[in-house]
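Here my numbering runs 241 ahead of the position in the sequence shown, where the first position is 1.
Note sheet for the following structure.
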Amino acid sequence: MDLWMYEKELYEKGITVIGGVDEVGRGPLIGPVVTACVVLPSNFVLEGLTDSKKLSEKKREKFYDYIVENCTAYAVGECSPEEIDEYNIYEATKIAMKRAIDKVNKQIKLEHILIDAMPLEIEIPTTSIIKGDAKSISIAAASVVAKVTRDRMMIELDGKYPEYGFASHKGYPTKKHVEAIQKYGLIEGYRKSYGPVKEVLEKGV
242 MDLWMYEKEL
252 YEKGITVIGG
262 VDEVGRGPLI
272 GPVVTACVVL
282 PSNFVLEGLT
292 DSKKLSEKKR
302 EKFYDYIVEN
312 CTAYAVGECS
322 PEEIDEYNIY
332 EATKIAMKRA
342 IDKVNKQIKL
352 EHILIDAMPL
362 EIEIPTTSII
372 KGDAKSISIA
382 AASVVAKVTR
392 DRMMIELDGK
402 YPEYGFASHK
412 GYPTKKHVEA
422 IQKYGLIEGY
432 RKSYGPVKEV
442 LEKGV
């Protein structure tokens, strides 16, 4: 599949400043949901770029560096665990996306947004693409930036609390992770509205 297909259709209409938007971290029990908005130049080339989940950690890190050095503009948006608990993860993800878009829009005037799956009501025209991170190069780039940004947060947290295993599971509810919170209790940053965390809170661990 031509990853430039959606971008080329917009180029043909005279629309050249296109932001790709994606998120990571809807499923984890801890930390923020992280989004990225990336604008790529029309001559951008990165062989092998696709949905970040299909890339190895080593390749994602390498691609991240290349993307941030060679893109036209990029920014990251977050929604905190407290906001996730207050609004729910779906609404929090949309807020985080808007934050990333707003940051980029201050750097360069966005003309169109390509978003992975999620419909977004904003003033800038948008196209929501199911599995967009595997169909649009701009969204694929955003997926890498968001994923690496959040993974680095989890690795940093692992340095402070190695017993929880954040470097390996990245905050997702693996068996090892759930057992760790049941054994050691909750640290700051857990999403209190998520099932396994609620169970620990109810037991008073």
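Using N, Cα and C, we set each Cβ at its ideal position, and we do this for glycine too.
Open item on the list: What does DSSP give as the partner residue(s) for I354 in the beta ladder?
Closed with: Looking up residue 354 in the sequence shown gives position 113. G260 and T367, per the DSSP bridge assignment.
- [ ] Identify which residue in A277, F285, V309 and V286 has its Cα closest to the Cα of A341.
- [x] Working through the sequence shown from its first residue, we reach residue 341 at position 100. When only C-alpha atoms are compared, the closest one is A277.
Open item on the list: For G261, count the other beta carbons within 10 Å of its own beta carbon; 16 or more makes it buried, fewer makes it exposed. Which is it?
Closed with: Taking the first residue of the sequence shown as position 1, residue 261 is located at position 20. Burial call: buried.
Task: Same chain only: Cβ atoms within 6 Å of P414, ignoring 5 sequence neighbours per side - done: Residue numbering aside, residue 414 sits at position 173 when the sequence shown is read from its first letter. The residues L270 and P437, in chain order, have a CB closer than 6 Å to that of P414 in the same chain once the five nearest residues on each side in sequence are set aside.
Task: Best match in I256, G255 and E264 for proximity to D374 [C-alpha to C-alpha] - done: Taking the first residue of the sequence shown as 1, we reach residue 374 at position 133. With distances taken between Cα atoms, D374 lies closest to E264.
Task: For Y315, the first and last residue of its enclosing alpha helix (DSSP H) - done: Working through the sequence shown from its first residue, we reach residue 315 at position 74. First-last for Y315: A314 to C320, but that is the beta strand (DSSP E), not the alpha helix (DSSP H).
TODO: Sort G445, I363, H410 and G272 by Cα distance to G426 and report the nearest one.
DONE: For the purposes of this step, residue 426 is taken as residue 185 along the sequence shown, with counting starting at 1. Selected option, being the one with the closest Cα: G445.
Task: Inter-residue spacing [alpha-carbon to alpha-carbon] between A387 and V275 - done: Along the sequence shown, read from residue 1 onward, the residue named residue 387 stands at position 146. Along the sequence shown, read from residue 1 onward, the residue named residue 275 stands at position 34. Near 6 Å, if we compare the C-alpha coordinates of V275 and A387.
Open item on the list: I want to know whether the region 358-374 touches the region 396-412 - three or more CB-CB distances under 8 Å.
Closed with: The region 358-374 vs the region 396-412: no contact.
Open item on the list: Going by beta-carbon coordinates alone, are I256 and E352 separated by less than 8 Å?
Closed with: On the sequence shown, residue 256 is found 15 positions in, with the first residue counted as 1. On the sequence shown, residue 352 is found 111 positions in, with the first residue counted as 1. Result yes, Cβ atoms of I256 and E352 sit closer than 8 Å.
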